[in-house]
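What follows is a short report on a single structure.
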Amino acid sequence: MAMASFCFSFPTYASPTYSTRVNRYLALLRSPSLRIDTALASSLSTLRLGFPKDTIRIHSQPINSADLLSSSSTEENDSVPMPVVLIDQDSDPDATIVQLSFGDRLGALLDTENLQFLNEMKALKDLGLDVTKGSVTTEASVTKTKFFIMRMGRKVEDPDMLETIRLTIINNLLQYHPESSEKLAMGEFFGIKPPEKKLDVDVATHVHVEADGPKKSLLYIETADRPGLLLEIIRIITDTNVDVESAEIDTEGLVAKDKFHVSYRGAALNSSLSQVLVNCLRYYLRRPETEEESY
758 MAMASFCFSF PTYASPTYST RVNRYLALLR SPSLRIDTAL ASSLSTLRLG
808 FPKDTIRIHS QPINSADLLS SSSTEENDSV PMPVVLIDQD SDPDATIVQL
858 SFGDRLGALL DTENLQFLNE MKALKDLGLD VTKGSVTTEA SVTKTKFFIM
908 RMGRKVEDPD MLETIRLTII NNLLQYHPES SEKLAMGEFF GIKPPEKKLD
958 VDVATHVHVE ADGPKKSLLY IETADRPGLL LEIIRIITDT NVDVESAEID
1008 TEGLVAKDKF HVSYRGAALN SSLSQVLVNC LRYYLRRPET EEESY
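So in the numbering used here, spot 42 of the sequence shown is number 799, and the numbers just go up one at a time.
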């Protein structure tokens, strides 16, 4: 797969502080402006008019009345599937791809599926983003919504905006599928039911670097998810004078599984710098309560 290289337009973290930024995200995602009443469903359909032909596709398995009548009773008995939010900076050279899946729950009811799709699209547009394509597909009983988004004609490169996008999609999922709350770290902040068992951040955190050619290295990070995590990771990386060229940000339930293509002065990281980066990330990601001043 071809890799589109770019550098994050990384902001200065002197002001506002990291904690202020996280609080701002929490306030934004609690804002009523991100909620859409079902009465607006018909008016939201006009959002499709701005797309070229066939850029929005909604596919779902046939649903009969018996399935609909029994869905409410069987849903309680079924185990809650794993919600997955993926932000992909690698697969498309011009756009950022945002994908959401939640087992077969996204397509459990056709009207809800359409409304949630439109609400997600509107929430992204409200962030000042251009949604160039969107689709809802069902494969192997897993329904996925996918959006290709751009900002000022380019893929989204600002870590602040990428984290806002991630939290916005998660918040939207919590609104339409409250049962996902117990499967998401964000359920503690926005959901009706926090996760019953939190991850041990020491056990859940894994970091390693591997070579990916002469000009870049591939950094893998797995850790317990939390608001502002992406900004925290990017700050640690850049504080070691390492450049982030591209990223794949994957939120799987309570766990964040991220991949970054990184370099140092246009070349792959040597073993010494790789070890420094890994040690720094392990240390600070295992101590999420560390204050910015102590950093």
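Where a beta carbon is used, it is the ideal one built from N, C-alpha and C, also for glycine.
It should be emphasised that the depicted structure is a prediction, and the values quoted were computed from it without experimental measurement.
Check: G944 versus R862 - alpha carbon distance; Outcome: 17 Å
Check: For D982 and A1013, believed in contact at Cβ under 8 Å, the rounded distance; Outcome: 4 Å
Check: Pair within 8 Å by beta-carbon distance, D887 and I906; Outcome: yes
Check: Contained beta strand (DSSP E) runs [length at least 3] in the region 910-983, N- to C-terminal order; Outcome: 963-968, 974-981
Check: G970 burial status per 10 Å Cβ neighbour count (16 or more: buried); Outcome: exposed
Check: Neighbourhood of M909 by C-beta, 7 Å cutoff - its chain only, sequence neighbours within 5 removed; Outcome: none
Check: L924 versus D1000: straight-line alpha-carbon distance, rounded; Outcome: 24 Å
Check: Contact under 8 Å by Cβ, V855 with F874; Outcome: no
Check: Separation of E936 from S788, as counted between CA atoms; Outcome: In this prediction, S788 has a pLDDT of 48, which is less than 50 and means its spatial position is unreliable; nothing more can be read from the coordinates.
Check: Rounded C-alpha distance that separates R989 from K1016; Outcome: The residue you asked about is not Arg; residue 989 is Glu in the sequence shown. E989 and K1016: Cα-Cα distance of roughly 14 Å.
Check: Range of the contiguous beta strand (DSSP E) that encloses L857; Outcome: 853-858
Check: Contact set for R1039: own chain, Cβ-Cβ below 8 Å, skip 5 residues either direction; Outcome: T962, V964
Check: Delimiting residues of the alpha helix (DSSP H) encompassing T995; Outcome: 986-996
Check: Residues near Q1032 in its chain [Cβ-Cβ closer than 7 Å; skip 5 each side]; Outcome: none
Check: Given G948 as reference, the closest of K955, E939, S836 once Cα atoms are compared; Outcome: E939
Check: Three-way DSSP call (helix, strand, coil) for L884 in this model; Outcome: coil
Check: Under 8 Å between C-beta atoms of N928 and N876; Outcome: no
Check: S892 in three-state terms, based on DSSP; Outcome: strand
Check: 8 Å Cβ cutoff met for K903 and D851; Outcome: no
Check: For V841, the residue or residues it bridges with in DSSP; Outcome: S858, E1009
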